[in-house]
Amino acid sequence: MRKTIGITLIALLLWGCGKYKHLKPNPEIVPRESGYTEIIDKDKPFELKQNKRYFMTFPAPASSDYYLVVQLSNGTQLSSYLTQQFDKKPDTQDPVIKNDSKSPNVAAYPVEASATPYTWVIDRVDAKTFLNMEYRYVPRWRYQFETKYASFQTILAKNKADRQRLQGLGTTVSISTIDFAGELSELDRKTETLKKLQAIVLETESIFPGAIKGSDDRAYLDYLGIKREVDDELRFQDDYRIALKALQITRDGRLDNELFIRNLPEIMRFFENENRYPENVRREVADAVANRLSEIVPYYESQVQRKRDLSKIDFPANAAKNLYDRTNQRPDQRFSDFTRFVDAFNRDLDNLQSSRKKVDDLRAQLKRESWPSASFYSRMRGDVNRLQSSLPTFSRSDYGKYTNYSIVSRLENEVRGLSAQVNDMARGLGIAESLAGEINMLKDSGNYRGIIRLLKQHSDIAFLRDQYGDLDQRSIDQQEQDIRRALQNQNFADAERRIEALYNDRDFIDYDAFAARK
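Residues 125 to 642 in the working numbering are what the sequence shown spells out, letter by letter.
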């Protein structure tokens, strides 16, 4: 009897542990969009007992595409889930609605408009505690943006540059103590992070429904605000970077002329945007640059004097002139003379290269043409005559005191050499035109040896060899046909004479190439 009573008591105890207690908040849960609302029982939170189970009913929202967001201050002490098919039997596995939140104390459940309410279930309580809980119904797009917005603000805050530091450059911040390499590296890292954030922020606009875009909805205004802040910070960091680089160049360039002069365009970037900087920074850079401008021309003179290759002189004349203007100075005569020299040299080199390309094009046309007519040569002569009239001229007087530089002499030789080549081409075309008629008559009669002898008399005209490239082949083929014909006609004396003539024939453009076959 006692054993039976004991078993019954244990069973009742276990049954009691397995039951779910229905929590009914007061005030009641309201399924409409709002901020967080605390779950309480009149004026205090619900008490949860260890190893007990609980459930709470949440009405479905009036519209679909909502989140039911549950926020718990002690979520790690509970095990909970949301379902729309709640079975109060403790051993039943209810269909669980996915939690889209990654936070341990926040759950975001996607819910839809429905006649069936949702049930939030606590299936485990690790220790006696109070249910410190808030809830809200929120459109999914809004919750998604709010979640992203919070992370945007965190990333932006961590990657802002110190604006006070820029304001103090040259005054409270000594230029000589700045670790430019370190600061620029750190700035580049922040800029790279913010550029990625900028791209993500732009993509985030697609979250907003069409009716919200352009409205005064708080979330959309926050979106516009964070977008402005990121854009503004990136602009500031770009300005800061330009200022740091300009100051770095002026400081480190005191002992390295090449470093200073090579980076004149970078310094010019600073002056192009100088109105963005405080007066102390502008003055610091301007003073440093003004003291170095007189070194520009001597440096480039030494570089050009050692120059041997025939390429353009890369002299940043415009950047240097602008720097003179920005620092309220006038270029001296040496600067003006060197600038004129560079302009003259680069101009003449451009003209030479342009004319050389035209000559190469004419040569390619001559090489492509096979067995041309007299009219072809006549047309080509017209093209060459026009080229002759446009060839660049060369005058050492254009180069002033730099006329004895080796690249000037080399350029002069190239210009005169090209002119001689064009004149030679014109002469060759005239001769070729006069020969074309005779060559075609000899071709019609099969007298290729006669053509070869004619071309050998003008072997100095290089393009003729290309235009009659198969002449040797035609000549030996013709002689072979004549020998076979004589043999077929049993005219052995004529065949013997022709064989002997072929054996003794040395009239070939390229004799060695046909000696074995002959």
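From the three backbone atoms N, C-alpha and C, an ideal C-beta is built for every residue, glycine too.
The structure presented is a predicted model; accordingly, all values stated were derived computationally and were not measured.
A Cβ-Cβ contact shorter than 8 angstroms links residue 242 with residue 208. Using a Cβ distance threshold of 8 angstroms, residue 472 and residue 516 count as a contacting pair.
Ranked by how close their Cα comes to the Cα of residue 446, the residues 607, 391 and 359 have 391 in first place. In the three-state reduction of the DSSP assignment, residue 267 falls in the helix class. DSSP places residue 232 inside the beta strand (DSSP E), whose first and last residues are 230–235. Each residue's CA atom was taken as its position, placing residue 272 and residue 402 some 35 angstroms apart. Across the set 334, 293 and 213, the C-alpha of 213 shows the shortest separation from the C-alpha of residue 145.
Rounded to whole angstroms, the gap between the alpha carbons of residue 621 and residue 563 is 26 angstroms.
Counting along the chain, residue 247 sits inside the beta strand (DSSP E) bounded by residues 242–249. Cβ atoms of residue 451 and residue 413 come within 8 angstroms of each other, at about 6 angstroms. In the three-state reduction of the DSSP assignment, residue 454 falls in the coil class.
A Cβ-Cβ contact shorter than 8 angstroms links residue 179 with residue 245. Shortest Cα-Cα distance from residue 511 to any of 232, 547 and 420 involves 547. Between the C-alpha atoms of residue 466 and residue 576 there is a straight-line separation of about 51 angstroms.
The beta-carbon distance between residue 417 and residue 453, rounded to whole angstroms, is 6 angstroms. This is short enough to meet the 8 angstroms contact definition. In this structure, residue 468 lies away from residue 557, with their beta-carbon atoms at least 8 angstroms apart. Excluding its 5 nearest sequence neighbours in each direction, residue 201 has C-beta neighbours in its own chain below 8 angstroms: 249, 250, 251 and 253, listed in chain order. Collapsing the DSSP output to three states places residue 317 in a helix. Apart from sequence neighbours up to five positions away, the residues of its chain that approach residue 579 with a beta-carbon distance below 6 angstroms are 588, ordered along the chain.
Counting of Cβ neighbours within 10 angstroms places residue 385 among the buried residues, the total reaching 16 or more.
Between the alpha carbons of residue 187 and residue 205 lies a distance of about 22 angstroms. Taken through DSSP and simplified to helix, strand or coil, residue 509 comes out as helix.
Counting other Cβ atoms within 10 Å of its Cβ, residue 617 stays below 16 and is therefore classed as exposed. Under DSSP, residue 195 takes part in a beta bridge, and its partners are 230 and 258. Under the rule that a run must span 4 or more residues, the alpha helix (DSSP H) segments found entirely inside the region 576–618 read 586–591 and 595–612.
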